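Engineer:
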Amino acid sequence: MRRKTATIVAIAGLAFATTMFPSGRDAAALAQAATDQPTLPALAEQVELVPEAISFVSEPVVQPLPAETQSPTLTEAGSLTELVGMVDTDAPMNEQLRCLAGAVYFEARGEPLAGQLAVAQVIINRTEDGRFPRSYCGVVAQPGQFSFMRGSRMPSFPTGTAAWDRAVAVAQIAHQGLWESEAGNAVFFHARYVRPTWSRTKTRLAQIDTHIFYR
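FYI, in mature numbering (1 follows the signal peptide of the UniProt record, and there is no 0) the residues of the sequence shown are -17 to -1, 1 to 198.
(1) Assuming F172 contacts I195 (C-beta within less than 8 Å), just tell me the rounded distance between them.
(2) Checking the sheet assignment: what are the DSSP bridge partners for F171?
(3) Report the rounded CA-to-CA distance for residue 199 versus R198, giving the unit in angstroms.
(4) Spatial neighbours of T1 within its chain, please: CB distance less than 6 Å, with the 5 preceding and 5 following residues excluded, ordered by chain position.
(5) Helix, strand or coil, according to DSSP, for Q128 in the structure here?
(6) Let me make sure I understand the geometry here. Which of E94, E90, P116 has the alpha-carbon closest to that of F129?
(7) Please state the DSSP three-state secondary structure of R178.
(8) Starting from R187 and walking both ways along the beta strand (DSSP E), at which residues does that stretch end?
(9) Expressed to the nearest angstrom, what Euclidean distance is found between the alpha-carbon atoms of L57 and G121?
(10) Who are the Cβ neighbours of T110 in its own chain at under 8 Å, not counting the five residues just before and after it?
(11) Per DSSP, what kind of secondary structure is I(-7) in: helix, strand or coil?
(12) With H, G and I counted as helix, E and B as strand and the rest as coil, what does DSSP make of R92?
(13) Which class does R136 belong to by DSSP, given the choice of helix, strand or coil?
(14) Alpha carbon to alpha carbon, how far is F72 from A152?
(15) DSSP on D98, reduced to helix/strand/coil?
(16) Starting from the C-beta of T64, find all residues in its chain whose C-beta is less than 7 Å away, skip the five residues before and the five after it, and write them out in chain order.
(17) Between which two residues does the alpha helix (DSSP H) carrying A60 extend?
(18) Using the Cα positions of V105 and R92, report the straight-line distance between them to the nearest angstrom.
(19) So what does DSSP say about G85, is it helix, strand or coil?
(20) Can you tell me which of the three DSSP states T144 falls into?
(21) In three-state terms, what does DSSP make of P5?
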């Protein structure tokens, strides 16, 4: 029994030694195999690196446009003074507008803008009233109505002055109905320092500076 055990131990020891310490031929074969294995740098050289294709997508570049600065229109004026300053007084005028502007100038150039507009409104209202002529020039030239008239002729217009430009602007504003007048639907007016007899039978609507307006 002891001999058999010893034999087995001897065989196991020989196998271990053969595995751990190979023979010269086996050792040479192992060394050759190790030499044939590529190193890490060699492996890297054998790998072809293909860069990933990069695609470019063309998209329109949209930039917000700056908001345009727009000038206020005549209907957006905040006051009568502002509106008068916005009117183009160099624009050509027909005969009727010249008559209206002339009446504003000669009858009310010393009045505030509201008073000048009221005089223009009275002339416009008269053209819509059957008791008076149908045109601005006809109303202004009607005998006994406006003291500045020389018969049926109007004095020369003082063009090129600030007062005339204001009268022109007021006439255009009234003609286009761009600003509501305090005179409303008045068709008569007089200076406050006089009291004509006809005023007793009329309805007083407003007083603007030195003029009183009636219907």
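Cβ atoms here follow ideal geometry from the backbone N, Cα and C, with glycine treated the same way. Quick caveat: nothing in here was measured; it's all calculated off a predicted structure.
Structural biologist: Short version:
(1) 6 Å
(2) F171 is bridged by DSSP to Y197.
(3) In the structure as shown, the chain begins at -17 and stops at 198. Residue 199 is therefore absent and cannot be evaluated.
(4) In this prediction, T1 scores a pLDDT of 45, lower than 50, which makes its location untrustworthy; the coordinate-derived value is nonetheless stated afterwards. So the list is empty, once near-sequence residues are dropped.
(5) Looking at Q128 - three-state DSSP - the assignment turns out to be coil, as it is neither helix nor strand.
(6) E90
(7) coil
(8) Run containing R187: 187 to 191, per the beta strand (DSSP E) assignment.
(9) Distance from the CA of L57 to the CA of G121, rounded to the nearest whole angstrom, comes to 28 Å.
(10) P116, R117, S118, Y119, G121, V122
(11) With a pLDDT of only 43 at I(-7), under the threshold of 50, the placement of this residue in the model should not be trusted, and no figure is reported.
(12) coil
(13) strand
(14) For the sequence presented, residue 72 should be read as Thr rather than Phe. One alpha carbon belongs to T72, the other to A152, and they sit about 6 Å apart.
(15) Checking the sequence shown, residue 98 turns out to be Gly, not Asp. G98: helix per DSSP, three-state reduction.
(16) L96
(17) No alpha helix (DSSP H) contains A60, which DSSP labels as neither H nor E.
(18) 15 Å
(19) helix
(20) In the structure shown, T144 sits in coil (DSSP, three-state: anything other than H, G, I, E or B).
(21) Confidence is the limiting factor: at P5 the pLDDT is only 49, short of 50, which leaves the residue's position unreliable and the question unanswerable from this model.
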